[in-house]
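Trainee:
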Amino acid sequence: MWEKVEESGVKVTNNDIEAAKHGELHILYTPTQSTLEIAKKIIDHLPKDAVLLTTCTICPVVVYSHVLSKLRDRKDIGFSSMHPTIVPGTPQHDHYIIGGRALDGKMYLTEEQLNKCIQLAESVNKKPYIVPMGMICPLGNMGSAAVMAMTLAAILEYHHVGTKVIGYPEETVEREIIMALQVMAAIIRTSGIYGLLKAINMELLIKNASIVHLTEDQEILETTLKKLKNIDPEIWEKVKKAKVYPTKLVDSQAIVEELKTLIGGRAAEGAIERSRKKLFMKW
Numbered sequence: 562m563w564e565k566v567e568e569s570g571v572k573v574t575n576n577d578i579e580a581a582k583h584g585e586l587h588i589l590y591t592p593t594q595s596t597l598e599i600a601k602k603i604i605d606h607l608p609k610d611a612v613l614l615t616t617c618t619i620c621p622v623v624v625y626s627h628v629l630s631k632l633r634d635r636k637d638i639g640f641s642s643m644h645p646t647i648v649p650g651t652p653q654h655d656h657y658i659i660g661g662r663a664l665d666g667k668m669y670l671t672e673e674q675l676n677k678c679i680q681l682a683e684s685v686n687k688k689p690y691i692v693p694m695g696m697i698c699p700l701g702n703m704g705s706a707a708v709m710a711m712t713l714a715a716i717l718e719y720h721h722v723g724t725k726v727i728g729y730p731e732e733t734v735e736r737e738i739i740m741a742l743q744v745m746a747a748i749i750r751t752s753g754i755y756g757l758l759k760a761i762n763m764e765l766l767i768k769n770a771s772i773v774h775l776t777e778d779q780e781i782l783e784t785t786l787k788k789l790k791n792i793d794p795e796i797w798e799k800v801k802k803a804k805v806y807p808t809k810l811v812d813s814q815a816i817v818e819e820l821k822t823l824i825g826g827r828a829a830e831g832a833i834e835r836s837r838k839k840l841f842m843k844w
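Numbering (the numbering used here), first residue to last: 562 to 844.
1. Look at the alpha carbon of LEU632 and the alpha carbon of SER641, and state the distance between them as a whole number of angstroms.
2. Could you spell out where the alpha helix (DSSP H) holding THR593 opens and where it closes?
3. Can the beta-carbon of ILE833 be found less than 8 Å from the beta-carbon of VAL817?
4. Assuming THR616 and TYR590 form a contact by the criterion Cβ under 8 Å, report the distance between their Cβ atoms to the nearest whole angstrom.
5. Comparing alpha-carbon positions, which option in ILE599, LYS790, ILE748 and ASP778 lies nearest ILE765?
6. Whose C-alpha, out of SER626, GLY639 and TRP563, is nearest the C-alpha of HIS587?
7. Contact check, SER836 vs GLN743 under 8 Å by CB: the rounded distance?
8. Note down, in chain order, each residue of its chain lying with its Cβ closer than 8 Å to the Cβ of ILE739, except the 5 sequence neighbours on either side.
9. Less than 8 Å separating the beta-carbons of ALA663 and HIS627?
10. Tell me whether LYS688 sits in a helix, a strand or coil according to DSSP, three-state version.
11. Closest to LEU786 by C-alpha separation, out of TRP797, GLU798, SER771 and ILE796, would be which residue?
12. With C-beta atoms as the reference, is PRO621 less than 8 Å away from MET696?
13. Just curious, the beta strand (DSSP E) that TYR657 is in, first and last residue?
14. Please report the straight-line C-alpha distance between TYR657 and MET745, rounded to a whole angstrom.
15. Expressed to the nearest angstrom, what Euclidean distance is found between the alpha-carbon atoms of LEU607 and ASN686?
16. How long is the line joining the alpha carbons of THR724 and ILE716, rounded to whole angstroms?
17. Compare the Cα-Cα distances from THR759 to each of ASN702, TYR806, ALA706 and GLN779 and report the closest residue.
18. Please confirm if the region 749-758 is in contact with the region 798-805, defined as three or more CB-CB distances below 8 Å between the two stretches.
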């Protein structure tokens with residue numbers, strides 16, 4: 562394989578710093594910790610306006626946060642992704658996910674740098690999907706994407722029933738959805754899935770969820786109730802041994818606004834940056 566690469570005029574090296582001195586786009590297809598170490602090692606040696614691109618092993622915002630102190634002298638460096646979502650070279654691999662402007666408005670690379678990433682993907686006949694920076698891993702990682710797809714389908718089904726059948730205002734439906742998702746996420750964060758199951762009264766959950774079964778086309782709710790009524794006994798054995806650790810149930814976006822109001826400035830931004838890093842990295 563390397564012979565073909567070298568025949569095309571590319572110099573192959575195992576020296577990260579030497580490799581960093583050449584090329585505008587640097588794709589790090591390396592394990593999580595190695596990616597962070599390599600990024601920190603090569604950042605000072607990258608050409609002007611180079612871009613560091615992560616793949617499926619780590620989110621670029623984590624790499625950005627990790628090398629932030631070194632960026633004071635290298636504000637020209639951009640950060641994004643070339644996330645394959647699946648094993649490159651397999652029949653299903655026909656696209657790349659590239660990170661653009663974050664949902665909070667922050668740009669981690671210039672439009673020119675972003676266009677170079679798009680052109681690179683297109684040059685190898687892959688479709689580039691440009692998504693907000695923080696959405697790369699949730700949409701690109703297969704497990705996260707599957708959970709998001711199932712959850713989104715359930716949200717849309719309840720949204721229809723809540724607004725069209727029951728007649729709730731949009732705000733009420735959205736508030737209930739947010740409450741359910743944030744409470745579950747918080748408990749999983751502190752106590753894991755078995756801790757979540759221990760914290761939930763399953764009989765009560767099934768009874769109350771069944772009340773909203775109001776139409777014949779609620780396939781997702783029907784399937785969900787059947788699944789919850791028939792959870793594997795082995796799982797319940799693990800739930801018995803699980804612990805529910807102290808968990809503060811709060812609105813994450815409200816906390817962000819409180820930090821900005823009460824602390825403000827660099828202190829608030831630093832706390833938010835560290836929290837963002839934890840969200841997209843292994844705990």
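Ideal Cβ positions, reconstructed from N, Cα and C, are used throughout, including at glycine.
Mentor: Reading off the structure:
1. 15 Å
2. 593-603
3. yes
4. 5 Å
5. Looking at the sequence provided, one finds Leu at residue 765 rather than Ile. With distances taken between Cα atoms, LEU765 lies closest to LYS790.
6. GLY639
7. Rounded to the nearest angstrom, the Cβ distance from SER836 to GLN743 is 14 Å, too far for a contact under 8 Å.
8. ASP812
9. In this structure, HIS627 does not lie closer than 8 Å to ALA663 by Cβ.
10. strand
11. SER771
12. no
13. 656-661
14. 31 Å
15. 27 Å
16. 12 Å
17. Reading the sequence as shown, one finds Lys at residue 759 and not Thr. It is TYR806 whose Cα lies nearest to the Cα of LYS759.
18. Contact between the region 749-758 and the region 798-805 is established, with three or more Cβ pairs separated by less than 8 Å.
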